[in-house]
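Written below as C-alpha cells is the structure these notes are about.
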Amino acid sequence: MNEAISRDDNPVEDMVARLNEAYSNRHLDEYRALELKDSFTEETTCAIQWGPMMRT
Amino acid sequence: MSFGSSMTASSSLEVFRMKEKATPFAPIELVVVQATSFCNMNCRYCYLTEETRKTTDKISLPQIESYFSKIFQSRFLADRIVVSWHSGEPLVLGTDYYEAAFKCITRIADDICDSPVEILHDFQSNGTLIDEKWCRFFRKYSKTVTVGISCDGPSTMHDFCRLDWKGSGTFDKTLRGIDLLIEHDIKFGLIAVVTPHALTDPDTFFEFFYGYRKHISEFRFNLLDQFTESGEFSYENSRSQYYSFLKRVLDRIDALDDGDELLNIKNFSYFYNRVFSSREERQKQTAAHMCQPFRAFNIATNGDVSTFYAGVSVDECQDIYGDKNGLVIGNLNDDDLDTIAASSKAATIVRDFRHSHAVCEQSCPYFELCPGGYNLIKYNRYGRFDVAETPECRLQVQTFTNALLDHINERLEQTAS
C-alpha cells in the first residue's frame, strides 16, 4: 500500500478545507474514527510536547 | 522581576497574560518530577543512559518542599498544574514516599497561594511493581491521581524491547500489574511503542489494546525511532509500512459496529482535533505554542531544571549548547524561577527554537497539522536549526498525516459513489 494522494495536486491545506466542508455537511457522520475527535482531553498531558519527538 | 507571593494565582495569571506578548514564558501547566532516575528495567530504546538508570539517588522531601515553594511563589504559576512523576520508574520509591510528597505539595500550595491551585498527579510506570498496596493508593487518590502504563502489546511485541536487567522479557510482570488495576476498578492510560514486529502485524496490535478499551482512559502509541539510513529498517521502507499500519488500524475502527465502544487512541484524537478546529484553535496546538518555555517544567533528581519539552533529559542532547548540560537552564537548589527565566541560555534556546519553527512555517505544507517541534532532531542530524524537513518528519508527521487524510478521503469518495 502506498501513500495514495499526491500532495502536489492536493495540498494539505486544500484537503483540510474540503474535509471541513464535508464535516459541516455531515458527510462524515458515519466515519467512526472521527468520534475520537471529541475524546480529546488535556486532563493529564496538557497541550505539551513530550521529548524531542512524540515520546510520551 | 517577581510579583511576590501575596498575589493570588488567578490574578497572577491575568498579569502574566497581559505580559505574555513581551515575554516568551508560559504559565507552568506541567511539572515533570524525576523523583528518581533509577529503573528496575533495561528497555532497549530507553533515552536515559544505563548509568542514569542505575543511580539510586532520589529527591528528598525537604527538596520537594523547597522546589515547590519556589514554583508556588513564582509569577509563572497557572491555576491548575499537573505533577507528572516520570523518567525513571517512579513506583520504586513506594507509596509512603508519595503520600508524604503529596501532603507536602498541598500544604505548601495552601500556605503560599491566596486562591486555590488545582494540583493533579500523574505516574508514568512500567507497571511491574503494582501490587495491592499501590492499588489502594491509586483508589485513595482516584480524584487527583492518574496512572499510565507502558506496554508494547502482546509478549511477542512487548518483549522485543522491554527487558529486565537480566535480559528477560517483562510482559508477564506488566500484565500482572494491569490485571491488578482492572481488579481494583482503576482506570489507566496505556502507552505503546510500535516495534518493527507490530508494524507488520497491525491486527494483533490493535486487537490486544482494543481488548482493554473499557479499562483505559486513553491509549497512545509512538513509533520506535531507531531506523537505519538504508536496508530493511530504513526510513523509506518504514514509511510504507507505517502508512499501511495506520490505514489498517483505521480500517479496524471503521469496521466496528455502531454499538461497539471505541478505543480512545490519542494520536488520532489530537489529529482530528487539529484538522477540524478553527485556525485560532489550531495555533494553540503548534510546536511553537507547546514548546513555550515553562509550559512544561522538568525537575531532575539533582534539581536541574529544563523546559521546552516535557520530560526531556540531559542524556539525549547533552552537548547541544556546549556545556554538557542539554537543555538545563538552572538548578532549583540555587536559583528561583525568575533567575532561571533570565538565563542567557534560555534566551538562546528560545531564539533557536523560534528560528526552527519559522523555517518549518515558511516551507512545509504540513505545518498547520504538524505537532512538530523536532528542533533537537534537526540539530542532532544537521548541526543546525534552520532546516525544515528531516527523515523523522517525513515518517512521523507526513506519513501519519497522509494516512489519516487519505483514509477519510477514500471514505468520502465511497460515500459519494
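These protein sequence lines map, in sequence, to chains A and B.
The first sequence: position 19 = 21 (the numbering used here), numbered continuously.
The second sequence: position 284 = 326 (the numbering used here), numbered continuously.
Just so it is clear, CB atoms sit at the ideal spot from N, CA and C, and this is done for glycine as well.
Between the Cα of residue i and the Cα atoms of the options, which residue gives the shortest distance?
| i | options | result |
| --- | --- | --- |
| Asp206 (chain B) | B:Arg181, B:Cys333, B:Glu92 | B:Glu92 |
| Tyr87 (chain B) | B:Ala234, B:Ala338, B:Ile382 | B:Ala234 |
| Lys308 (chain B) | B:Leu288, B:Phe261, B:Val124, B:Gln268 | B:Phe261 |
| Val429 (chain B) | B:Lys420, B:Arg436, B:His449 | B:Lys420 |
| Pro13 (chain A) | B:Asp214, B:Leu447, B:Ser459 | B:Leu447 |
| Lys100 (chain B) | B:Pro69, B:Ala77, B:Ile295 | B:Ala77 |
| Glu434 (chain B) | B:Leu374, B:Asn264, B:Asn82 | B:Asn264 |
| Leu232 (chain B) | B:His239, B:Asp221, B:Gly415, B:Leu241 | B:Asp221 |
| Gln306 (chain B) | B:Thr97, B:Thr270, B:Tyr252 | Per the sequence shown, the amino acid found at residue 306 (chain B) is Asn instead of Gln. Comparing Cα positions, the closest option is B:Tyr252. |
| Thr212 (chain B) | B:Lys387, B:Cys85, B:Asp138 | B:Cys85 |
| Ile150 (chain B) | B:Val189, B:Thr188, B:Gln105, B:Ile172 | B:Gln105 |
| Asp378 (chain B) | B:Arg324, B:Phe118, B:Val124 | B:Phe118 |
Does the beta-carbon of residue i have 16 or more other beta-carbons within 10 angstroms, so that it is buried, or is it exposed?
| i | result |
| --- | --- |
| Tyr408 (chain B) | buried |
| Asp16 (chain A) | exposed |
| Ser405 (chain B) | exposed |
| Phe442 (chain B) | buried |
| Asp40 (chain A) | exposed |
| Leu292 (chain B) | buried |
| Asp152 (chain B) | exposed |
| Tyr424 (chain B) | exposed |
| Ile191 (chain B) | buried |
| Pro455 (chain B) | The displayed chain sequence assigns Glu, not Pro, to residue 455 (chain B). Label assigned to Glu455 (chain B): exposed. |
| His397 (chain B) | exposed |
| Lys63 (chain B) | Below a pLDDT of 50, predicted positions are generally treated as unreliable, and Lys63 (chain B), at 46, falls in that range; no measurement from the model is reported. |
| Arg28 (chain A) | exposed |
| Glu225 (chain B) | exposed |
| Asn417 (chain B) | buried |
| Asp267 (chain B) | buried |
| Phe395 (chain B) | buried |
| Gly364 (chain B) | exposed |
| Ser44 (chain B) | Only weak support exists for where Ser44 (chain B) lies, its pLDDT of 29 falling under 50; the value from the coordinates is given anyway. It is exposed - the Cβ of Ser44 (chain B) has fewer than 16 other Cβ atoms within 10 Å. |
| Gln438 (chain B) | buried |
| Asn390 (chain B) | Per the sequence shown, the amino acid found at residue 390 (chain B) is Thr instead of Asn. By the 10 Å Cβ count, Thr390 (chain B) comes out exposed. |
| Asp299 (chain B) | exposed |
Residue i versus chain B: which residues are under 7 angstroms apart at the beta carbon?
| i | result |
| --- | --- |
| Asn22 (chain A) | Phe318 |
What residue does the beta strand (DSSP E) around residue i start on, and which one ends it?
| i | result |
| --- | --- |
| Ala338 (chain B) | 338–341 |
| Ser348 (chain B) | 346–348 |
| Asn14 (chain B) | The structure shown has nothing for residue 14 (chain B), since chain B only spans 43 to 459. |
| Asn373 (chain B) | 370–373 |
| Ile191 (chain B) | 187–192 |
Run down chain A in chain order and give the residues with a C-beta less than 8 angstroms from the C-beta of residue i.
| i | result |
| --- | --- |
| Leu298 (chain B) | Arg34 |
| Tyr183 (chain B) | The premise fails here: Tyr183 (chain B) is roughly 13 angstroms from chain A at the closest Cβ pair, so nothing lies under 8 angstroms. |
| Tyr408 (chain B) | Val14 |
| Thr443 (chain B) | Val14 |
| Leu411 (chain B) | Val14, Val18 |
Would you give the residue range spanned by the alpha helix (DSSP H) that residue i belongs to?
| i | result |
| --- | --- |
| Leu288 (chain B) | 277–296 |
| Val401 (chain B) | 386–405 |
| Leu232 (chain B) | Leu232 (chain B) -> not in any alpha helix (DSSP H); beta strand (DSSP E) instead, spanning 230–236. |
| Leu171 (chain B) | Neither: Leu171 (chain B) is in no alpha helix (DSSP H) and is coded neither H nor E. |
| Glu225 (chain B) | 213–225 |
| Glu271 (chain B) | Careful: Glu271 (chain B) lies outside any alpha helix (DSSP H) and carries neither H nor E. |
| Thr246 (chain B) | 244–252 |
| Phe144 (chain B) | 136–154 |
| Ala383 (chain B) | 379–383 |
| Asn448 (chain B) | It is worth fixing the name first, because residue 448 (chain B) is Asp in this sequence and not Asn. 442–458 is the span of the alpha helix (DSSP H), which, as asked, contains Asp448 (chain B). |
| Arg28 (chain A) | Careful: Arg28 (chain A) lies outside any alpha helix (DSSP H) and carries neither H nor E. |
| Ala322 (chain B) | It is worth fixing the name first, because residue 322 (chain B) is Glu in this sequence and not Ala. Per DSSP, Glu322 (chain B) belongs to the alpha helix (DSSP H) from 321–325. |
Per DSSP, what are the beta-bridge partners of residue i in this structure?
| i | result |
| --- | --- |
| Trp127 (chain B) | B:Val75, B:Phe165 |
| Arg122 (chain B) | B:Glu160 |
| Phe310 (chain B) | Partner(s): none; Phe310 (chain B) has no beta bridge. |
| Leu265 (chain B) | B:Val236 |
| Lys100 (chain B) | B:Thr78 |
| Leu205 (chain B) | B:Gly211 |
| Met17 (chain A) | Per DSSP, none; premise fails for Met17 (chain A). |
| Pro335 (chain B) | B:Ala338 |
| Met199 (chain B) | Bridge partners of Met199 (chain B): none, in fact. |
| Ile70 (chain B) | B:Leu119 |
| Glu260 (chain B) | B:Gly231 |
Give the interface partners of residue i over in chain A, defined as CB-CB distance under 7 angstroms, in chain order.
| i | result |
| --- | --- |
| Phe310 (chain B) | Ala35, Leu38 |
| Thr457 (chain B) | His29 |
| Ile295 (chain B) | Arg34, Ala35 |
| Arg453 (chain B) | Tyr33 |
| Asn306 (chain B) | Leu38, Ser41 |
| Leu292 (chain B) | Ala35 |
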